[in-house]
Amino acid sequence: MESKMRVEHFTAVTSLPAIEPVPHFPDRRWGTVLAADVVEYSRLTSLNEERTYLLYKSHRRELLDPKIAEHRARFVKSTGDGVLAEFRCALNAVRCAVQIQQGMAERCKGTSADRQIVFRIGLSCGNIIADPEDIYGHDVNVAARLQAVAPPGGIAMTDEVAKRVQAGLRLPLQDSGMQQFRNMCQPVHVFQCEFAGEYPR
Numbered sequence: 153m154e155s156k157m158r159v160e161h162f163t164a165v166t167s168l169p170a171i172e173p174v175p176h177f178p179d180r181r182w183g184t185v186l187a188a189d190v191v192e193y194s195r196l197t198s199l200n201e202e203r204t205y206l207l208y209k210s211h212r213r214e215l216l217d218p219k220i221a222e223h224r225a226r227f228v229k230s231t232g233d234g235v236l237a238e239f240r241c242a243l244n245a246v247r248c249a250v251q252i253q254q255g256m257a258e259r260c261k262g263t264s265a266d267r268q269i270v271f272r273i274g275l276s277c278g279n280i281i282a283d284p285e286d287i288y289g290h291d292v293n294v295a296a297r298l299q300a301v302a303p304p305g306g307i308a309m310t311d312e313v314a315k316r317v318q319a320g321l322r323l324p325l326q327d328s329g330m331q332q333f334r335n336m337c338q339p340v341h342v343f344q345c346e347f348a349g350e351y352p353r
């Protein structure tokens with residue numbers, strides 16, 4: 153019986169398909185961060201969660217989101233009962249925050265104080281880390297901390313933001329001094345701005 157040898161032929165690969173370059177992320181850039189949140193959202197939902205949800209969504213749809221777009225900001229994400237946005241210009245960020253709070257004061261007229269949807273807004277500026285999904289960095293964290301200490305219906309901002317906008321806007325800013333926030337090494341110099349309106353505290 154004659155043995156047979158199997159011979160396989162291979163074709164040399166002369167070229168490989170091109171690999172698309174991967175975009176370089178994250179991007180480091182200067183920006184102003186706006187963090188907004190609803191005051192006592194849990195209490196409001198315990199009273200009437202569907203009404204609270206529908207009211208919050210109407211304020212987002214009719215005021216907050218259009219104002220953020222109008223001032224050419226990047227809407228980063230919804231935080232459940234709030235928003236996070238990135239602005240290239242501190243002046244635009246503060247103008248947007250002021251217009252949101254003034255607009256909310258108008259929208260809350262005629263509603264009992266214990267049932268109003270009221271926002272607090274925090275603003276910080278500096279170098280941030282950005283990718284397509286989110287923004288990161290110290291000043292993002294500062295904006296979130298400032299939002300938590302802002303007066304209901306008002307704004308809290310760093311001294312750096314205040315310096316950049318005060319000459320152009322002439323806001324009635326109150327110097328709240330240096331504040332030490334949890335898990336931050338250095339205190340933050342905080343300025344606050346309040347607007348007319350009867351808000352829960």
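Residue numbers (my numbering): 153 to 353.
Ideal placement from N, C-alpha and C gives every residue a C-beta, glycine not left out.
The model shown is predicted, which means the values in this text are computed figures rather than measured ones.
May I ask you to report which of helix, strand or coil DSSP gives residue i?
{"i": "isoleucine 273", "result": "strand"}
{"i": "glycine 329", "result": "strand"}
{"i": "proline 339", "result": "coil"}
{"i": "cysteine 345", "result": "strand"}
{"i": "glycine 262", "result": "coil"}
At the level of alpha carbons, what is the spacing between residue i and residue j?
{"i": "aspartate 231", "j": "histidine 211", "result": "Here residue 231 turns out to be threonine, not aspartate, going by the sequence shown. Cα to Cα, threonine 231 sits roughly 15 Å from histidine 211."}
{"i": "phenylalanine 333", "j": "leucine 275", "result": "15 Å"}
{"i": "asparagine 200", "j": "glutamate 192", "result": "13 Å"}
{"i": "cysteine 248", "j": "isoleucine 220", "result": "7 Å"}
{"i": "aspartate 233", "j": "leucine 206", "result": "12 Å"}
{"i": "arginine 203", "j": "isoleucine 280", "result": "36 Å"}
{"i": "asparagine 244", "j": "leucine 196", "result": "31 Å"}
{"i": "proline 352", "j": "isoleucine 252", "result": "Its pLDDT being 45, under 50, proline 352 is placed unreliably in this model, and the value from its coordinates should be taken loosely. Going by the C-alpha atoms only, they are around 18 Å apart."}
{"i": "methionine 256", "j": "glutamine 268", "result": "10 Å"}
{"i": "arginine 181", "j": "serine 264", "result": "43 Å"}
{"i": "aspartate 189", "j": "cysteine 260", "result": "16 Å"}
{"i": "glycine 278", "j": "valine 270", "result": "27 Å"}
{"i": "isoleucine 273", "j": "glycine 183", "result": "16 Å"}
{"i": "lysine 209", "j": "alanine 282", "result": "26 Å"}
{"i": "histidine 290", "j": "glutamine 254", "result": "28 Å"}
{"i": "aspartate 266", "j": "valine 342", "result": "28 Å"}
Thinking C-beta only, is residue j closer than 7 Å to residue i?
{"i": "leucine 321", "j": "cysteine 345", "result": "no"}
{"i": "alanine 187", "j": "alanine 314", "result": "no"}
{"i": "valine 185", "j": "valine 292", "result": "yes"}
{"i": "valine 250", "j": "valine 294", "result": "no"}
{"i": "valine 317", "j": "valine 246", "result": "yes"}
TODO: Check whether the stretch 327-338 touches the stretch 278-289, taking contact to mean three or more Cβ pairs, one atom from each stretch, closer than 8 Å.
DONE: no
TODO: Could you pull out every unbroken alpha helix (DSSP H) segment of at least 4 residues lying fully inside the stretch 169-235, listed in chain order?
DONE: 193-211, 217-222
Task: Touching by the beta-carbon criterion (3+ pairs, under 8 Å), the stretch 217-229 and the stretch 237-252 - done: yes
Task: Uninterrupted alpha helix (DSSP H) stretches inside the stretch 281-307 (no shorter than 4 residues) - done: 290-301
Open item on the list: Three or more C-beta pairs under 8 Å: does that hold for the stretch 199-217 against the stretch 295-309?
Closed with: no
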